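Numbering-wise, the sequence shown is residues 1 to 590 according to the UniProt record's numbering.
C-beta atoms are modelled at their ideal positions from N, C-alpha and C, and glycine is treated no differently.
In this text the structure is predicted, and so the values were computed from the model without any measurement.
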Amino acid sequence: MPSYTAPVKDMQFVLHDVLNIGASDIPGYDDLDRDTTGAILEEAAKLAEGALAPVNATGDREGCRLENGVVRTPTGFAEAFAQIKDGGWNGLDLPEEYGGQNLPYVMNSATGEFFVSANMALNMYQGLTHGAISAILAHGSDAQKAQYLPKLVSLDWTGTMNLTEPHCGTDLGLIRTKAEPQEDGSYAITGQKIFISAGEHDMAENIIHLVLAKAPGGGAGTKGISLFIVPKFLVNEDGSLGARNGVSVGNIEEKMGIHGNATCVMNYDGATGYLVGELHKGMRAMFTMMNEARLGVGLQGYAQAVVAYENALAYAKDRLQGRDVTGAKNPDGPADPLLVHPDIRRILMDQKSFVEGARAFTMWGASLIDRAHRATDADADGLISLLTPVVKGFLTDKGFDMCVQAQQVYGGHGYIEEWGMSQFARDARIAMIYEGANGVQALDLVGRKLAQDGGKHVMAFFALVKDEVAGSDDPRLTDLRDALKAASKDMQAAGMFFMENGMKNPNDALAGSTDFMHLFGHVCLGLMWLRMARAAYAALDAGTGDPAFYETKLATARYYMARQLPATALHLARIRSGAETVMALAETDF
Numbered sequence: 001m002p003s004y005t006a007p008v009k010d011m012q013f014v015l016h017d018v019l020n021i022g023a024s025d026i027p028g029y030d031d032l033d034r035d036t037t038g039a040i041l042e043e044a045a046k047l048a049e050g051a052l053a054p055v056n057a058t059g060d061r062e063g064c065r066l067e068n069g070v071v072r073t074p075t076g077f078a079e080a081f082a083q084i085k086d087g088g089w090n091g092l093d094l095p096e097e098y099g100g101q102n103l104p105y106v107m108n109s110a111t112g113e114f115f116v117s118a119n120m121a122l123n124m125y126q127g128l129t130h131g132a133i134s135a136i137l138a139h140g141s142d143a144q145k146a147q148y149l150p151k152l153v154s155l156d157w158t159g160t161m162n163l164t165e166p167h168c169g170t171d172l173g174l175i176r177t178k179a180e181p182q183e184d185g186s187y188a189i190t191g192q193k194i195f196i197s198a199g200e201h202d203m204a205e206n207i208i209h210l211v212l213a214k215a216p217g218g219g220a221g222t223k224g225i226s227l228f229i230v231p232k233f234l235v236n237e238d239g240s241l242g243a244r245n246g247v248s249v250g251n252i253e254e255k256m257g258i259h260g261n262a263t264c265v266m267n268y269d270g271a272t273g274y275l276v277g278e279l280h281k282g283m284r285a286m287f288t289m290m291n292e293a294r295l296g297v298g299l300q301g302y303a304q305a306v307v308a309y310e311n312a313l314a315y316a317k318d319r320l321q322g323r324d325v326t327g328a329k330n331p332d333g334p335a336d337p338l339l340v341h342p343d344i345r346r347i348l349m350d351q352k353s354f355v356e357g358a359r360a361f362t363m364w365g366a367s368l369i370d371r372a373h374r375a376t377d378a379d380a381d382g383l384i385s386l387l388t389p390v391v392k393g394f395l396t397d398k399g400f401d402m403c404v405q406a407q408q409v410y411g412g413h414g415y416i417e418e419w420g421m422s423q424f425a426r427d428a429r430i431a432m433i434y435e436g437a438n439g440v441q442a443l444d445l446v447g448r449k450l451a452q453d454g455g456k457h458v459m460a461f462f463a464l465v466k467d468e469v470a471g472s473d474d475p476r477l478t479d480l481r482d483a484l485k486a487a488s489k490d491m492q493a494a495g496m497f498f499m500e501n502g503m504k505n506p507n508d509a510l511a512g513s514t515d516f517m518h519l520f521g522h523v524c525l526g527l528m529w530l531r532m533a534r535a536a537y538a539a540l541d542a543g544t545g546d547p548a549f550y551e552t553k554l555a556t557a558r559y560y561m562a563r564q565l566p567a568t569a570l571h572l573a574r575i576r577s578g579a580e581t582v583m584a585l586a587e588t589d590f
């Protein structure tokens with residue numbers, strides 16, 4: 001059976017040594033001293049390790065069952081979910097007036113990593129609810145906020161998002177679900193939605209579905225889409241539950257992974273729905289959920305890699321196999337541990353350097369969200385908008401890859417279910433697909449985000465990297481600084497190629513979009529590793545903390561810069577090859 005230990009010390013390093021959140025001018029950050037964040041993270045770790053992780057494999061084995069229209073969750077899920085609920089974890093960063101604790105979003109992300117690593121499928125019930133809350137907070141009426149948010153924040157009720165239909169996924173302009181206006185101001189919602197995570201379950205007394213549908217008069221395409229609240233049970237004026245609404249589960253999907261989360265086909269048969277925000281402006285409201293969800297999915301990608309790496313490392317230390325070519329390291333035993341072999345070291349260092357860089361990148365992104373929302377900083381909002389497809393696409397692509405590498409450490413045992421490595425790989429795989437498949441994220445990045453606001457935000461990113469390189473004048477950082485500088489030049493050269501060729505032949509840009517997303521991701525992690533190295537040297541020079549911890553950070557930084565960051569040159573070469581080879585075959589030649 002796999003195990004999980006929450007990396008509290010590593011998270012504290014990112015929050016305080018790297019991001020220095022306690023000294024930030026973002027409102028609310030002055031309350032986040034080391035003792036406060038440490039206490040929160042320790043409690044989250046206890047919950048993750050003691051309640052969530054022990055039922056992770058159970059959820060994978062048992063899955064969810066549909067019985068007489070009700071989904072039964074796996075053994076132990078309801079009890080673990082109750083501990084999340086009783087601890088108020090869903091409301092950590094939500095407004096106090098609705099029962100939340102109003103802490104910054106960065107703390108939701110930090111604790112969220114622990115919960116996802118421990119049990120991704122279970123945490124999704126909470127995570128989707130958080131997204132529904134954000135959409136209602138941003139676009140709902142005061143009456144809707146008062147009626148739904150307290151129960152959602154407390155997890156008495158949970159929430160979902162309903163976009164996809166059998167005939168359309170990314171192209172939401174094709175949806176057919178209809179919303180017919182009623183005399184009382186509500187709408188009758190009719191249609192079918194698929195792939196609805198947490199669409200039905202037995203852990204909450206009500207489920208609040210946020211549903212995209214087309215109301216009369218909206219026109220074709222996405223311009224005609226509106227967003228509606230459709231409760232499983234109607235809610236009376238006094239807040240009590242009323243009649244069952246016209247929404248039901250048609251089926252539970254049989255999936256590759258995340259078996260403990262109910263992925264449902266939802267049927268709406270004249271269900272009562274209530275408009276959220278403006279009529280025919282549903283896409284804007286739904287994207288409040290989607291953007292938060294995409295950042296959360298990026299976190300899922302690397303969080304699965306975290307727990308996979310932990311177990312692979314433990315196995316490599318324990319498993320005896322072969323002898324070190326430079327001389328026996330375990331002369332009294334029949335063989336040396338796997339960890340002595342250079343190729344096993346390479347696999348583990350790939351994982352370690354990725355997950356630690358990804359953690360820093362994600363927490364930095366969360367701090368940009370806090371700056372955008374709490375300090376009303378438009379530049380921060382623009383930067384995180386640019387980075388969102390990179391967080392989602394790059395971290396999930398690489399996160400899955402790292403889970404597979406962790407599985408490889410086990411050899412044949414990695415392919416055997418009892419060791420648990422298969423589940424990490426299977427669970428991580430979905431993150432590359434849902435909330436906008438990664439190819440769509442790459443198209444969004446190159447086709448829209450780079451040119452957004454006249455290219456202002458990508459130029460701000462280049463300036464930020466340049467300032468970081470210039471500010472890292474410590475000669476001990478020269479090799480790291482030069483590596484990041486070279487990678488940034490590759491990214492700028494790729495952007496220049498798009499500018500010079502994309503207008504003449506858009507396919508030249510789009511054919512290189514995934515390579516650009518990965519190039520950008522490597523530059524972001526290189527930036528994080530330079531920051532972490534600076535922080536590690538500062539701590540060593542000050543004589544604070546554990547010297548071995550900081551020396552390890554420096555060695556890992558050098559590994560990433562030497563062995564991973566040069567991938568930017570490969571991605572640039574692919575981008576410069578254009579679309580000719582990609583589009584060369586006629587349809588009949590495939």
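{"Query": "Cα-Cα separation, Met528 to Gly357", "Result": "6 Å"}
{"Query": "Residue interval of the alpha helix (DSSP H) (run including Ile136)", "Result": "120 to 139"}
{"Query": "Contact between the region 253 to 263 and the region 57 to 75 (3+ Cβ pairs under 8 Å)", "Result": "yes"}
{"Query": "Reference Lys456, options Leu320, Ala380, Ala285, Pro150, closest by Cα", "Result": "Ala380"}
{"Query": "C-alpha gap between Gly436 and Gln321, whole angstroms", "Result": "42 Å"}
{"Query": "Residue of Ile194, Ile21, Pro231, Leu275 minimising C-alpha distance to Phe184", "Result": "The sequence as given places Asp at residue 184; Phe does not occur at that position. The shortest Cα separation from Asp184 among Ile194, Ile21, Pro231, Leu275 belongs to Leu275."}
{"Query": "Close beta carbons around Thr164, own chain, < 6 Å, minus the five adjacent residues each side", "Result": "Ile194, Phe195"}
{"Query": "First and last residue of the uninterrupted beta strand (DSSP E) at Ala243", "Result": "241 to 244"}
{"Query": "DSSP three-state assignment for Ile175, whether helix, strand or coil", "Result": "coil"}
{"Query": "Expected contact under 8 Å - CB spacing of Met491 and Phe394 to nearest Å", "Result": "Rounded, the Cβ-Cβ distance is 13 Å, inconsistent with contact."}
{"Query": "Candidates Phe13, Asn102, Ala135: closest to Asp27 by CA position", "Result": "Asp is not the amino acid found at residue 27; the sequence shown has Pro there. For Pro27, the nearest C-alpha among the options comes from Asn102."}
{"Query": "Residues near Pro334 in its chain [Cβ-Cβ closer than 7 Å; skip 5 each side]", "Result": "Leu320"}
{"Query": "Opening and closing residue of the alpha helix (DSSP H) in which Phe497 lies", "Result": "478 to 501"}
{"Query": "Arg323: first and last residue of the uninterrupted beta strand (DSSP E) it sits in", "Result": "Looking at the DSSP string, Arg323 is not in any beta strand (DSSP E), and its letter there is neither H nor E."}
{"Query": "For Ile208 and Trp157, believed in contact at Cβ under 8 Å, the rounded distance", "Result": "6 Å"}
{"Query": "Selection from Asp31, Met496, Met583, Glu500 that minimises the alpha carbon distance to Pro104", "Result": "Asp31"}
{"Query": "As assigned by DSSP and simplified to three states, the class of Val582", "Result": "coil"}
{"Query": "Buried versus exposed, by CB contacts within 10 Å (16 or more), Ser488", "Result": "buried"}
{"Query": "Those residues which DSSP pairs with Asn251 across a bridge", "Result": "Val265"}
{"Query": "Distance between Leu137 and Leu227 (C-alpha atoms, nearest Å)", "Result": "14 Å"}
{"Query": "Supposed close pair residue 595, Gln351 - CB separation, criterion 8 Å", "Result": "Residue 595 lies beyond the range of the chain shown here (1 to 590); nothing can be said about it."}
{"Query": "Close-in-space but distant-in-sequence residues of the same chain around Asp467 (CB under 8 Å, 5 per side omitted)", "Result": "none"}
{"Query": "Chain-order list of residues whose beta-carbon lies under 6 Å from that of Phe462 (same chain, five-residue window excluded)", "Result": "none"}
{"Query": "Distance between beta carbons of Val14 and residue 673, contact taken as under 8 Å", "Result": "Residue 673 cannot be examined here, being either before or after the span of the chain that is shown, 1 to 590."}
{"Query": "Cα-Cα separation, Ser141 to Pro150", "Result": "14 Å"}
{"Query": "Whether Thr222 touches Gly173 by CB criterion (9 Å)", "Result": "yes"}
{"Query": "Buried/exposed call for Tyr434, threshold 16 Cβ in 10 Å", "Result": "buried"}
{"Query": "Coil, strand or helix - residue 614 by DSSP", "Result": "Here the chain covers residues 1 to 590 and nothing more, so residue 614 does not appear."}
{"Query": "Thr478 classed as buried or exposed, judged by whether at least 16 other C-beta atoms fall within 10 angstroms", "Result": "exposed"}
{"Query": "Beta-carbon contacts of Ile252 that lie in its chain and below 7 Å, excluding the five residues immediately before and after", "Result": "Cys64, Leu66, Val71, Ala262, Thr263, Cys264"}
{"Query": "Top-ranked residue by Cα proximity to Asn68, from Asp324, Ala562, Gly250, Val582", "Result": "Gly250"}
{"Query": "Proximity of Lys246 and Val235 at Cβ, strictly below 9 Å", "Result": "At residue 246 the sequence reads Gly, which differs from the Lys that was named. Contact: no."}
{"Query": "Anticipated Cβ contact below 8 Å, Ile384 with Gly365, distance rounded", "Result": "6 Å"}
{"Query": "Local conformation of Gln182 per DSSP, three classes", "Result": "coil"}
{"Query": "Residues sharing a beta bridge with Trp157, DSSP", "Result": "Asn206"}
{"Query": "Element boundaries [beta strand (DSSP E), containing Gln192]", "Result": "187 to 197"}
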